[in-house]
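**Student:** Each residue of the sequence shown is one higher than the one before, starting from 5 at the first, in our numbering. The C-beta atom is built at its ideal place from N, Cα and C for all residues, glycine as well. These figures come from a predicted structure and were not determined experimentally.
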Amino acid sequence: MIGYPNGGVGTGDVSSGRIKLLEDKDKDGFYETSTIFAEGLRFPIGLFPWKKGLIVANAPDLIYLEDTNNDGKADSSKVLFTGFHTYNIQQMLNSFRWGLDNQIHAVAGSNGGTITSKENPKMAPVELRGRGIRFRPDIPDSLDPVTGGGQYGLTMDSFGALFSSTNSQHLRHMVLPDDQIRRNPYLAVGSMALDIPEHGAACKVFRISPFEAWRVERTSRRKSSELAKKLPATELVPGGYSTSSCSPLLLDSDSVQAPYRDSIIICEPANNAILRDVLEPKGVTFVSRRGDPEKEFLASTDNWFRPVHLNLCLDGSILVLDFYR
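(1) Less than 8 Å between the beta carbons of Val130 and Arg138, yes or no?
(2) Which residue's Cα is closest to the Cα of Cys207: Asn115, Arg280 and Gly103?
(3) Give the straight-line distance between the Cα atoms of Ser195 and Leu231, rounded to the nearest whole angstrom.
(4) Residue range of the beta strand (DSSP E) that Ser229 falls in?
(5) Give a yes or no on whether the C-beta atoms belonging to Val282 and Asp256 are separated by under 8 Å.
(6) Could you check whether Ile278 and Glu298 sit closer than 8 Å to each other, using their CB atoms as the reference points?
(7) I'd like to know whether the C-beta atoms of Leu211 and Ala197 end up nearer to each other than 8 Å.
(8) Could you check whether Glu272 and Ser249 sit closer than 8 Å to each other, using their CB atoms as the reference points?
(9) Compare the beta carbon distance of Met160 and Ser168 with 8 Å and say whether it is the shorter of the two.
(10) Can you have a look at Tyr190 and say buried or exposed, based on whether 16 or more other CB atoms are within 10 angstroms of its CB?
(11) Just to check my reading of the structure: Ser99 and Leu158 have Cβ atoms closer than 8 Å, yes? What is that Cβ distance to the nearest angstrom?
(12) Anyone know if the C-beta pair for Asp148 and Asp183 falls short of 8 Å?
(13) Could you pull out every residue in the same chain whose Cβ sits closer than 6 Å to the Cβ of Asp65, ignoring the five residues on either side in sequence?
(14) Run through the stretch 94-173 for me and flag every whole beta strand (DSSP E) of 3 or more residues, listed as ranges in chain order.
(15) Could you tell me which of Ser246, Gly287 and Ile40 sits nearest to Ala205, measuring between CA atoms?
(16) Go through the stretch 18-80 residue by residue and report every complete run of the beta strand (DSSP E) that reaches 3 residues or more, in order.
(17) Is Ala176 helix, strand or coil when you go by DSSP?
(18) Does DSSP classify Thr238 as helix, strand or coil?
(19) Classify Ser259 as helix, strand or coil using the three-state DSSP reduction.
(20) Give me the Cα-Cα distance between Leu25 and Val312, rounded to the nearest whole angstrom.
(21) State buried or exposed for Thr37, treating a residue as buried only when at least 16 other CB atoms are found within 10 Å of its CB.
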């Protein structure tokens, strides 16, 4: 993003979202070459490599961009599916993951939408409210709703169990598969996602950075207003609790050493930290416990450290995307 995404759908303004291709051509460990792969996108917050291009979460559309002449720029664009709602920018389509079922899974947040296929108009509209999706990019009418409950981020274990997060629910397990529940239209089921941390969904965060002045001021104003009656206790303090959790990542690779193997780490940008929970089986689901009693997996004294996305590299190292603001 080169600015706040005010343009795009219904505004008449040009969308400012871009996708850049970064290259380290001299192999010195630093990206020195930047190419704009695509621009004019509304809010591209999910990417998945596919064939000669990228599948992009660009709500209200799910699109495929292809570089047909190998110049590093997308010259072909195709809308695969459309209809994803955009009214809450914190709850839009994101976080593609390849599943054991050979389909791409993604989080659709609470926005949901009524999804149709641009390639196959005969596909019956799919209602998503509160659910995620899975699809096969090469099959136009393959989109199927799956159990939701996440906001940003999706990770999966070796058996296909899915985990996600919301701002104030730092780790959730998608327990019941939506396609199985749909087999009985008369069965009323509540949430199919479960908060699994034994230390609480909006857990205490052992931050080492000072509280920002604006947070202290906001807390003071909230506590002295009628708003105090409506907010949870974690929103009536300037920090120290998970209020921005996102992008959980399961460390299940053989390249990850003990004691971190089979941990899930979670970004907590509001507290300048990355959390770590250890998974343990519990019946058909899991329970997660703190990785360390009174410290976080990674914490910074820098208030500008804002980890927002995590990836596990082939050598066991962890890629942290720091929004830094």
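**Tutor:** Taking the coordinates as given:
(1) no
(2) Arg280
(3) 27 Å
(4) Element bounds for Ser229: n/a, residue is neither H nor E.
(5) no
(6) no
(7) The question names Leu, but residue 211 in the sequence shown is Arg. Cβ distance not < 8 Å, so Arg211 and Ala197 don't count as in contact.
(8) yes
(9) no
(10) exposed
(11) 4 Å
(12) yes
(13) Val83 and Thr86
(14) 98-102, 108-111, 117-121, 136-139, 148-150, 158-160 and 166-170
(15) Ser246
(16) 21-27, 37-45, 50-54, 57-62 and 65-70
(17) Looking at the sequence provided, one finds Arg at residue 176 rather than Ala. In the structure shown, Arg176 sits in a strand (DSSP, three-state: E or B).
(18) helix
(19) coil
(20) 19 Å
(21) exposed
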